[in-house]
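Data first, discussion second: the structure below is written as structure tokens.
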Amino acid sequence: MPRPKQMNHRARRRVEVRFGPEGPRYLGFSRNLSSTGMMIGSLKVFAPGTVLDLRLTLGDHTVALKALVVWAREGPIQWLNNGRVGMGIRFLGAPPPEMPLLAA
Numbered sequence: 000m001p002r003p004k005q006m007n008h009r010a011r012r013r014v015e016v017r018f019g020p021e022g023p024r025y026l027g028f029s030r031n032l033s034s035t036g037m038m039i040g041s042l043k044v045f046a047p048g049t050v051l052d053l054r055l056t057l058g059d060h061t062v063a064l065k066a067l068v069v070w071a072r073e074g075p076i077q078w079l080n081n082g083r084v085g086m087g088i089r090f091l092g093a094p095p096p097e098m099p100l101l102a103a
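In numbering that gives the first Met the number 0, the protein residues as written are 0 to 103.
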């Protein structure tokens, strides 16, 4: 059962994500994705409250978004594959029309 803050459907989807507060400089991959946010698996994390520029890539589609870091968890590289390190982010503004392609 999803927690109250997770009432939107989350799809397990691996999408390349470039991100950063001053442009999309760092690389990560989505672990789950919904219409309101995602978890980014990455060793590079930013503090909650940080606004990030995102570029999501799926095939020949690229989506540019702004997002807010809601939580962040650091750890060793061994934790990356099982989803124990990364950031939970919430998209700012309305979801772009391409979002169904990414969440499908």
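Think of the CB as a built atom: it goes at the ideal place given N, C-alpha and C, for glycine as much as any other residue.
{"Check": "Could you name the residues of the same chain whose beta carbon sits closer than 8 Å to that of W70, not counting the 5 residues immediately before and after it, in chain order?", "Outcome": "P47, M86, G87"}
{"Check": "Would you tell me roughly how many angstroms separate the C-alpha atoms of V44 and V50, rounded to the nearest one?", "Outcome": "12 Å"}
{"Check": "By Cβ distance, which residues of its chain are closer than 7 Å to G74, with the 5 residues on each side in sequence left out?", "Outcome": "R83, V84"}
{"Check": "Who are the near neighbours of T56 in its chain, counting only those whose CB is closer than 6 Å to its CB and skipping five residues on each side?", "Outcome": "E15"}
{"Check": "Let me confirm a value: L91 is counted as buried when at least 16 other C-beta atoms fall within 10 Å, else exposed. Which label applies?", "Outcome": "exposed"}
{"Check": "Can you find the residues in the same chain that come closer than 7 Å, C-beta to C-beta, to I76, ignoring five residues on each side of it along the sequence?", "Outcome": "L42"}
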